[in-house]
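Peer 1: Okay, here's the structure, questions in a sec.
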Amino acid sequence: MNDRVIPWQPTVIAGPKQALLATPETAKLMLKKAKRPLFVVGPYAKNEPLMSHVKEIAEIWDLPIVTTADTFKSFHDNGIESDSYGIVEIANLLKDPEWEGIKGEGQNDLVLFVGCIYYIASQGLSTLKHFAPHLKTLTICKYFHSNADASFPNMKDEEWEKYLTKMKTK
Amino acid sequence: MNDRVIPWQPTVIAGPKQALLATPETAKLMLKKAKRPLFVVGPYAKNEPLMSHVKEIAEIWDLPIVTTADTFKSFHDNGIESDSYGIVEIANLLKDPEWEGIKGEGQNDLVLFVGCIYYIASQGLSTLKHFAPHLKTLTICKYFHSNADASFPNMKDEEWEKYLTKMKTK
Amino acid sequence: MNIKINNIIKTNNEVGDNLTPNSIKPKDFKVDFWKSKNIEFSFGEIIEDNSPDSRDEETFMGPTPKPSGTDLRSWDMKLLERYPPFYAPFCDMCCLCTFGKCDLTGKKGACGIDIKAQQGRFALLTCCIGAAAHSAHSRHLLEYLIHKCGSDHPVDFGNNIDIEAPIMRTLIGKAPKTLGDIRESMDYIEEENLHLLSTCHTGQEGNHLDFESKAFHAGLMDHIGMEIGDVSQIAALDLPKGEANTPLVELGIGAIDHDKPVILCIGHNIAPGVGIVDYLEDNDFEDEIELCGICCTSIDITRYSDRAKVVGPISKQLKFLKSGVADVVVVDEQCIRSDVLEEAQKKGAALIATTDKMCLGLDDRTNDPVDAIVADIISKKDDGALILDPEKVGEVATKLSLSLSKSRKSLKSLPDMDKIQEDAFKCTECEWCVRVCPNSIPIMDAVSSAGKGDFESTEKLYDHDICYTCGRCEQECPENIKIMDLMAKIGENNLKKEKFNIRVGRGPIQDVEVRRVGAPLVLGDIPGIVAFVGCSNYPDGADDVAKMAEEFLERNYIVVTSGCGAMSIGEYKNEEGKTLYERFSGDFDARGLINVGSCVSNSHIPGVAIKVANIFAKKPLEGNFEVIADYIFNRIGACGVAWGAYSQKAAAIASGVNRWGIPVILGPHGSKYRRLYLGRSDKEETWNLTDMRTGKLIKGEPAPEHLLYAAESREEATVNIAKNCIRPTDNNKGRQIKLNHYIDLHKKYFGTIPEDVYRYIRNEKDIPITYKNDVKEILERNDWEPRELVMEPTILDFPRDE
Amino acid sequence: MNIKINNIIKTNNEVGDNLTPNSIKPKDFKVDFWKSKNIEFSFGEIIEDNSPDSRDEETFMGPTPKPSGTDLRSWDMKLLERYPPFYAPFCDMCCLCTFGKCDLTGKKGACGIDIKAQQGRFALLTCCIGAAAHSAHSRHLLEYLIHKCGSDHPVDFGNNIDIEAPIMRTLIGKAPKTLGDIRESMDYIEEENLHLLSTCHTGQEGNHLDFESKAFHAGLMDHIGMEIGDVSQIAALDLPKGEANTPLVELGIGAIDHDKPVILCIGHNIAPGVGIVDYLEDNDFEDEIELCGICCTSIDITRYSDRAKVVGPISKQLKFLKSGVADVVVVDEQCIRSDVLEEAQKKGAALIATTDKMCLGLDDRTNDPVDAIVADIISKKDDGALILDPEKVGEVATKLSLSLSKSRKSLKSLPDMDKIQEDAFKCTECEWCVRVCPNSIPIMDAVSSAGKGDFESTEKLYDHDICYTCGRCEQECPENIKIMDLMAKIGENNLKKEKFNIRVGRGPIQDVEVRRVGAPLVLGDIPGIVAFVGCSNYPDGADDVAKMAEEFLERNYIVVTSGCGAMSIGEYKNEEGKTLYERFSGDFDARGLINVGSCVSNSHIPGVAIKVANIFAKKPLEGNFEVIADYIFNRIGACGVAWGAYSQKAAAIASGVNRWGIPVILGPHGSKYRRLYLGRSDKEETWNLTDMRTGKLIKGEPAPEHLLYAAESREEATVNIAKNCIRPTDNNKGRQIKLNHYIDLHKKYFGTIPEDVYRYIRNEKDIPITYKNDVKEILERNDWEPRELVMEPTILDFPRDE
Ligand code: SF4
Ligand code: SF4
Ligand code: SF4
Ligand code: SF4
Ligand code: SF4
Ligand code: SF4
Ligand code: SF4
Ligand code: SF4
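Residue numbers (the working numbering), protein chains in the order written: chain A, 1 to 170; chain B, 1001 to 1170; chain C, 2001 to 2802; chain D, 3001 to 3802.
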């Protein structure tokens, strides 16, 4: 099997349903189609270069950011606006079709993930896979996330950099 | 994901280790490399056209045949020599490196499977995956068997016919 | 008010703190403790107890009353040496704790466990869950019956049965005389189950054989649990007490009168059923209301009232629910579809949940007045109710059914055929239904032909439950075709065909029968006891079970059955339209077809083997598990068949049966239990025996060859059953008879005389006359040499040098 | 010989058959049954019982003594309404029965179950296994202790503790006066556990909330089980009875004297440890032999003898085994590596298994003479032995260690550094080790630098168990690099650093302390009780736990700890080299750091909350679970933290804690338990309360906001702990204090004042002075309105119109 699409932690494999392999191109297609996308960003983005990537991707696609764990602080300190939620908290809200959204704009239809701890993100993605049919999930970490609807493959840093950079054009 | 390499019964998926997709060519390579191959044939081969395919493949590769369930009778009635074992029985023997083999020729190093009930074959293949590191398993059913070391993909009858026919040349 | 404590508290001068006999002492659990004189206490008003009292008999107590798992470990290890566990992991990973998931493919988990121990652990967990299901059911039942009849209600099955509870007698060390007495056994198995379950925790047992030994123990506890359940209900509800000729009752979807109000009970616990029967009888509604059941509860209700009817086994559940015939669905526990509330709602039927095991999120109305409950359901305020009081269930169910049957007329039938066809027409032949079907049955063809107006292939799948309506295909179908409605409609169209019968469960086997068959069984004149038990997870329909039963009945075997197996056997008719129950008597004798009853009645199957050891061979039971199991293992040609076993309960039963020394053959789905016990007939040294008469080590034969086996086809199973009835104690004539059947069947299904027949021939007198020449050829081919017959075979360490 | 039955058998004239108080009647389990006068029976020689006897007190019995699951279901449903289960399936499939596996992704299984109910079922199963582990341990212990000290051994913790067993008192309805009395509670939980486990069987419960209610029940039973274990061992073995200033004992790999014979105990059951300590003391070997332990058993042994040492938590197991320091490894039960025998063998250490829970395939030598056992092991005939008699274990272990320590000298250290480096040099940087590492820690870098002779990165991973040596990387490494040897070697090189201490587990909290802190706790002056419990499945090392503890200690919280958490806390030093145990007292008061003891001592944590309700608020306990839980839930600002929870036990504990109304925060791995209970602070109506004084419905706050939460980082957890200590009964001052800490910590870790602070401000007096202006801004931004303070908050249906 193609190593790139084996879950990064291989035992995360959960059943027949596996994420589609996303390229920057398909990821951008998903973003274009989305009406109300959301960007959930975890603690790996507390540091560079991921922080800047996140910032720029959010800007170009006009994505509201939710930071998980204590990522908020680094973002705040660096002038990047975000709302802070626990990753399980935001997953919990995302699965409720009636949820009013972080700014009262209503439930999202696409959620991008990056930078969360792999296994807890997998669990959150599993929640959304099972209980949030109203939205799609996409992960742009350098780790293949089989519980997402679509995920970047497992990559080395260099390739990932390229992928992320490509995300910065519409 | 490629439907051809999803286990035919999709929940047979058991973990990170998945069978390699075998083509007639790779299957033949495996047979060529094998010193002591065995052909385990289940009840779907009681009927044509599978019975003839089995017969001819066994002949060309000089494979001793083990029939499972009550397949022996049809084979016997049709003059095809085989030894009869329960599928769990033969799997049990195959996992013992000390087993003397069906004819006392010693343990096998490659086991071909065809025609067994899908799920019980999956279980037997799981046994061999875990407990028979001394041998490889290859399935040539029209169903992808993820618990084998290598397996033909899921196919329709016509394609399978072609695959089986190709197996009849060295 | 009369009060009596029936727990007999035994004590011993040496071990003064041994005051809870159900709690195994770390070390003081010695034989002499049990041999000591009993002391009995009563309080409150004392009633004269005139029942025969075991205290007055001087019973010899064996070494292992109330054994802990480790007490019987050496026996287990002997079995496991002969039949090492065969593991077929169903999953390569372990997901039990949050260190995981761990991939165990050639690797250890984060806790250090390997794949073998993991499979053993899973087997243990499965058996614990299975045992818990029966035992919790029995505890519930026991307390309900004590509540109903008093703890001093006698456990007395009349003159024909002296040993009412052979399993308890063997394992607890005494027989219960009253319902109250049974609590001691209950306490014991609760404690043991807890210890066993504990072992499933991460970081406990590390050795797969020790896990298996514990799984055996869980299985054995399950047998006590089952016996408690059936003994209690037989005693308290006056169910048949072993009479052979219990009546035949109606069976099948076609047997249910659609025009009457219909109450359907699903599950296993007779309590609410009793509440309903009593209410119907007390209020003269028996003729007016149709009471029927699915799964074991239906068997048990017919034991209580033969006016009740059996719809069928678990495989009928969704079919019948979808048909909408039931006005009120009463669920108790076990083997009930988890979506039963949803399915009842779809059909406007009221649902009543009746036990803590299945509350379904319903409001607990136990303490509310009947009329309020009924009104809330009729007015659709509630979809149903949780009512934990069986008597109230009876009244509520009756009142609901009377009211709903009128308003539900339109819901009692399915959409018209053309609607059904229209729906099926959407089929795109994507084949996913077939791929997710547990048996990959050709449901796609059935649907797509139905779409074209041809329902024949669907009918083929309907008959004998080849499709057991698990619903997976419908769940998967991308076109949302209501495949289960299609299936139910076929049933509706063929009601006349769906009418069968079943013999009411008789409970235990009588002592006199045991006396009669003891010798022929042990010597082989009766070629064996074949027990068809378990669920309907059949690879190819229910017919297979009936055909196997027929085959062995016609060959003079004793055929025993229970639960869904007993129903499947009843659903089969010969050309003359007769069921096997009509063709064969209910005597426990050659050619007898004995329905012992429900799941919990399975306890009578090892029970009769124990009774053979006791009644026929005079082996004392109390505290003598190993001796009895060794006796059964070497002498009683019994073979269990759980062709459709799916559940944890079935796994527990099988493990218990195995520990008693009886082999079990499963259907192919049994491979998904992940663990079998397979013997190696090619390893001759495995089969050695000791002759107790002489102490000599003697060559034995692979008899039984496997302890737990999964067969891929009915034919394979049939031949294996015959082979696995061979025992070392067969005399020459008996062995001839058994080999004759084995060879016959092998010829029939495999076309040849089985090559391994030589292993079972000790001297020429064992050779079946009919096959003399052929067999001799085989003997020669295999360098056969005659060997000694064993007189008193044992696999125990005997005689032992200390 | 003196004999006395200490089970008090209660009865009631109305319900004559209610003779087994541990068996819940289907319907007769009425309050009046429990209110009736007790009748006590004794037999044998009667001893004068001079202990205070509850029979003489007229205690009011609440509605739910010995509740069945359904008895407390309405309370559960209230909790679940506020905190609906959040499910994160760990697997999309179910593999429990042979109909499966079933894919539950938007589909129902063959039994009709859906993914929600399946997750609930798994939670229940997990809790049943966890509860079984503690409870079976306690049963074993109880019987061992009764054997040792007699069933009439008093349960009396002295004058400072009146309520020895608050959980039993609440749930059983009375407190045990003697060890023998405890059996009644044991019987009860065994019965309940069986019912609960039964529900995990296929075809039982179908509603996820009902599964959760049962999981709560399993958790509660677990609490009784734990309390039984600790109360029994405190009473019988004279462990500390709540004294605050228990001694400090040595902790850490570096604390073990390698030159002496070393006996290592691993597990949880003190019995074999007692056998060893007693033997060492009786034979004056205390100075000669080093006795140490890993996991809870080490904590408990130090409670018995403060000469024993603690190696560390579960995360030290493989490190220490690989080091070869132990001559004899004695395993009892729970949290032991399944491959412990293999690892002991590799190092030539003898292994003794001591309980039925872990037999490891070893021969049962319980009844063999000590010298024979020792000889067989020394001569390598056997690798070890199963010895079920703790006293014999003591003797065998001692004799083995004396003999082996001589012959094993060479095995007591690891390969040289250059050998280790050579091995590490094989690393191809394939990265698989990192991928399979539960925490994806940079082990590849560590190995590959080690291969180049640079061990610093390995050291970083060693320290504070960032690598907890689960061994998965080593199992996966295609080059077969002995990564665990590398890790152990680092420890060997840094023994001096690995020396810490821990305060001996004190057991319960004293009544006088409860009286002292009652008011400040309920009113908020003491901002909260934070309990760090559970195992070492930390996302980023053990330090995080200690840092959290330090943070809250410095902020005047009461910090309670136990088990591996207590050890992790002890492994952390400040710049002056002082551990937290040296810096903070053991008083149950603000800034107190209380090690209650081992896993089973966790029972004292809900225990102290119950005692607050009883001693401070005069709530009667007996049979009053709901009232007590409601009290705790609304008033006691306690928060459990199981940062490294991995086990089924931890899951059970958490579920029990939750049912008592106390929130729990897990580490990120906790998400793999698959189920959390999350509140929705955005749904205001969820948080309404009733004021018992007035009966009025009052707006509440999300306090606690979540009942079971998994945090991704320590920082997130810290802030959440502070927030989750807020309670409706805080007075203005108390609320200010709590909010102050919450805001402080939020500023520290998130850089801002938390926006949701407005939800917790009832009127301006709640606003912390320091943050007045900022908070006011937030209030304005969120259209805040002042609201009423609740006096006697409850979420129970009160007052209720019937
Ligand atoms: S298939 Fe079963 S064992 Fe495997 S991960 Fe899923 S639930 Fe766990
Ligand atoms: S129990 Fe063991 S193998 Fe299973 S997940 Fe936990 S650590 Fe891994
Ligand atoms: S309902 Fe019938 S056809 Fe459909 S999956 Fe189940 S058994 Fe197969
Ligand atoms: S899944 Fe539905 S559409 Fe596909 S073949 Fe089956 S019935 Fe037809
Ligand atoms: S328990 Fe239900 S969901 Fe699980 S495998 Fe069995 S049928 Fe499928
Ligand atoms: S042993 Fe350490 S590095 Fe290796 S997988 Fe386990 S935690 Fe990770
Ligand atoms: S798995 Fe082994 S070879 Fe691969 S990176 Fe890790 S240590 Fe190196
Ligand atoms: S705290 Fe957890 S890991 Fe530690 S000993 Fe107790 S249960 Fe085991």
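C-beta atoms are modelled at their ideal positions from N, C-alpha and C, and glycine is treated no differently.
Given that residue 1106 of chain B touches chain C, what residues does it touch there, using C-beta distances under 7 Å?
Peer 2: Working through the second sequence from its first residue, we reach residue 1106 of chain B at position 106. Here the premise fails: no neighbours, minimum Cβ distance about 13 Å.
Peer 1: Which one or two residues does DSSP pair with residue 2290 of chain C in a beta bridge?
Peer 2: Start at 1 with the first residue of the third sequence, and residue 2290 of chain C comes out as number 290. C:2262, per the DSSP bridge assignment.
Peer 1: Mind listing which residues of the stretch 1009-1020 of chain B have their C-beta closer than 7 Å to chain A's C-betas, in chain order?
Peer 2: So the close ones are 1010, 1011, 1013, 1015, 1016 and 1018.
Peer 1: Taking the C-alpha atoms as reference points, what is the distance between residue 1108 of chain B and residue 1168 of chain B?
Peer 2: Taking the second sequence and counting its residues from 1, one reaches residue 1108 of chain B at position 108. Taking the second sequence and counting its residues from 1, one reaches residue 1168 of chain B at position 168. Distance between the alpha carbons of residue 1108 of chain B and residue 1168 of chain B: 21 Å.
Peer 1: How many angstroms separate the CA atom of residue 3604 of chain D from the CA atom of residue 3508 of chain D?
Peer 2: To locate residue 3604 of chain D, count along the fourth sequence from 1; it is residue 604. To locate residue 3508 of chain D, count along the fourth sequence from 1; it is residue 508. Cα-Cα distance, rounded: 5 Å.
Peer 1: In chain C, which residues lie less than 8 Å from residue 1116 of chain B when you measure between Cβ atoms?
Peer 2: Looking up residue 1116 of chain B in the second sequence gives position 116. Neighbours of residue 1116 of chain B on chain C, chain order: 2712.
Peer 1: What would DSSP say about residue 3103 of chain D, mapped onto helix, strand or coil?
Peer 2: The residue given as residue 3103 of chain D occupies position 103 in the fourth sequence. In this structure, residue 3103 of chain D counts as strand in the three-state DSSP scheme.
Peer 1: What residues in its chain sit with their C-beta under 7 Å from that of residue 3623 of chain D, if we drop five residues either side in the sequence?
Peer 2: On the fourth sequence, residue 3623 of chain D is found 623 positions in, with the first residue counted as 1. Only 3034, 3061, 3062, 3063, 3064, 3065 and 3173 meet the Cβ criterion.
Peer 1: Under a three-way DSSP split, which group does residue 3639 of chain D fall into?
Peer 2: To locate residue 3639 of chain D, count along the fourth sequence from 1; it is residue 639. If DSSP states are grouped into helix, strand and coil, residue 3639 of chain D belongs with the strands.
Peer 1: Between which two residues does the alpha helix (DSSP H) holding residue 1090 of chain B run?
Peer 2: In the second sequence, the residue the question calls residue 1090 of chain B occupies position 90. Taken as a continuous stretch (DSSP letters only), the alpha helix (DSSP H) holding residue 1090 of chain B covers 1087-1094.
Peer 1: Compile a chain-ordered list of the residues in the stretch 1064-1080 of chain B whose CB is closer than 8 Å to at least one CB of chain C.
Peer 2: Correct list: 1068, 1069, 1070, 1072, 1073, 1076 and 1077.
Peer 1: Shorter than 8 Å from the beta carbon of residue 130 of chain A to some beta carbon of chain D?
Peer 2: By one-based count along the first sequence, residue 130 of chain A stands at place 130. Yes, contact with chain D.
Peer 1: Residues in the stretch 2419-2444 of chain C with C-beta within 9 Å of chain A's C-beta atoms, listed in sequence order?
Peer 2: Cβ contacts with chain A: none found.
Peer 1: With DSSP run on the structure shown, which of helix, strand or coil describes residue 3468 of chain D?
Peer 2: Taking the first residue of the fourth sequence as position 1, residue 3468 of chain D is located at position 468. Correct three-state label for residue 3468 of chain D: coil.
Peer 1: Have a look at C:2531, C:2373 and C:2163 and flag the residue whose alpha-carbon is nearest the alpha-carbon of residue 2550 of chain C.
Peer 2: What you label residue 2550 of chain C is simply residue 550 of the third sequence in a count that begins at 1. It is C:2531.
Peer 1: Please state whether DSSP places residue 2945 of chain D in a helix, a strand or coil.
Peer 2: Nothing can be reported for residue 2945 of chain D: it is not among the residues displayed for chain D, which extend from 3001 to 3802.
Peer 1: Need the endpoints of the beta strand (DSSP E) that residue 2696 of chain C sits in, please.
Peer 2: Start at 1 with the first residue of the third sequence, and residue 2696 of chain C comes out as number 696. Run containing residue 2696 of chain C: 2696-2698, per the beta strand (DSSP E) assignment.
Peer 1: Strictly below 9 Å CB to CB, what residues from chain B border residue 3102 of chain D?
Peer 2: On the fourth sequence, position 102 is the one that residue 3102 of chain D refers to. Going along chain B in sequence order, the residues near residue 3102 of chain D (Cβ under 9 Å) are 1011.
Peer 1: Can you determine whether any heavy atom of ligand 4 sits closer than 7 Å to the C-beta of residue 2422 of chain C, and answer yes or no?
Peer 2: Position 422 of the third sequence, counted from the first residue, corresponds to residue 2422 of chain C. Residue 2422 of chain C: no, Cβ never under 7 Å from ligand 4.
Peer 1: Could you spell out the range, first to last residue, of the alpha helix (DSSP H) harbouring residue 3492 of chain D?
Peer 2: In the fourth sequence, the residue the question calls residue 3492 of chain D occupies position 492. Segment 3483-3493, the alpha helix (DSSP H) holding residue 3492 of chain D.
Peer 1: Taking C-beta pairs closer than 9 Å, name the residues in chain C that residue 3219 of chain D reaches, listed in chain order.
Peer 2: For the purposes of this step, residue 3219 of chain D is taken as residue 219 along the fourth sequence, with counting starting at 1. In chain order: nothing, as chain C lies at least about 15 Å away.
Peer 1: Is the shortest distance between the beta-carbon of residue 1087 of chain B and the beta-carbons of chain A less than 8 Å?
Peer 2: Position 87 of the second sequence, counted from the start, is the residue given in the question as residue 1087 of chain B. So, not an interface residue.
Peer 1: Just how far apart, CA to CA, sit residue 3253 of chain D and residue 3462 of chain D?
Peer 2: Stepping through the fourth sequence from its first residue, residue 3253 of chain D is reached at position 253. Stepping through the fourth sequence from its first residue, residue 3462 of chain D is reached at position 462. Rounded to the nearest angstrom, the two C-alpha atoms are 12 Å apart.
Peer 1: At least one CB of chain B closer than 8 Å to the CB of residue 2737 of chain C: is that the case?
Peer 2: Against the third sequence, residue 2737 of chain C aligns to sequence position 737. Chain B, which has no Cβ nearer than 8 Å to the Cβ of residue 2737 of chain C, makes this no.
Peer 1: Less than 6 Å between C-beta atoms, sequence neighbours within five positions excluded: which residues of the same chain meet that for residue 2321 of chain C?
Peer 2: Position 321 of the third sequence, counting from 1, holds the residue named residue 2321 of chain C. Closer than 6 Å at the Cβ level, and outside the excluded window around residue 2321 of chain C, lie 2343.
Peer 1: Have a look at the DSSP bridge pairing and note the partners of residue 2675 of chain C.
Peer 2: The residue you call residue 2675 of chain C lines up with position 675 of the third sequence. Answer is C:2087.
Peer 1: Of all Cβ atoms in chain D, is any one closer than 8 Å to the Cβ of residue 97 of chain A?
Peer 2: Within the first sequence, the letter at position 97 stands for residue 97 of chain A. It does not: the Cβ of residue 97 of chain A has no partner Cβ on chain D nearer than 8 Å.
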